[in-house]
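Position 18 of the sequence shown, counting from 1, maps to 39 under this note's numbering, and the rest follow consecutively.
Glycine included, each C-beta is placed from N, C-alpha and C at the ideal position.
Since we're looking at a predicted model, the values are computed, not measured.
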Amino acid sequence: MVEKKEVSEKKEVATKKVKKVTEEKQSKPEMSASVEILEKVEKMTVLELADLVKALEEKFGVTAAMPVSMPANAGGAAALDEVKEEKTDFEVVLKEIGPNKIKVIKEIRTITALGLKESKDLVDGAPNTVKEHIDKKEAEGIKEKLEAVGAVVEIK
22 MVEKKEVSEK
32 KEVATKKVKK
42 VTEEKQSKPE
52 MSASVEILEK
62 VEKMTVLELA
72 DLVKALEEKF
82 GVTAAMPVSM
92 PANAGGAAAL
102 DEVKEEKTDF
112 EVVLKEIGPN
122 KIKVIKEIRT
132 ITALGLKESK
142 DLVDGAPNTV
152 KEHIDKKEAE
162 GIKEKLEAVG
172 AVVEIK
């Protein structure tokens, strides 16, 4: 008899647990697919996430690259191009010769490796471009050399 009571009590406890679990499931709304996916992604490692991204890209033919925004107007695009040019590509322009024409010609010859006649023509035709498509450091060096002999130089 005692055993029967214990068995019936255990059945009652088990039944109560089943009812409780069933009630909890019914009281909770069904989780949406996106919530389930987010929970799974949350538990993934970085390497697993990288593999997932690659698989999604291959499966759907898309890329996870950040889109490049286009400027609002064409003037903005031109301004962006100029900024890029200034950062990587400079040109040195001889504005005025100054009082020492011969010294300026000599400096132009050493900077450009031009002959005497070409260097003289370049100096006589001022304002002229001395050197173009050079980096900023080189442009500043050329400017210093030419200004040391009295020329007026501009970097563009």
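Judged by beta-carbon spacing, ILE126 lies within the 9 Å limit of LYS141, meaning their Cβ atoms are closer than that value. DSSP, read as helix, strand or coil, puts LYS158 in helix. Judged by their CB atoms, GLU63 and VAL113 are not nearer to each other than the 9 Å cut-off. Rounded to whole angstroms, the separation of the alpha carbons of VAL173 and THR84 is 52 Å.
Annotation: the continuous beta strand (DSSP E) that includes LYS116 extends over 111 to 117. In the three-state scheme derived from DSSP, where H, G and I count as helix and E and B as strand, VAL74 is classed as helix. Distance from the CA atom of LEU68 to the CA atom of LYS158, rounded to whole angstroms, is 43 Å. The residue from HIS154, GLY119, LYS61 and THR109 with its alpha-carbon nearest to that of GLY171 is GLY119.
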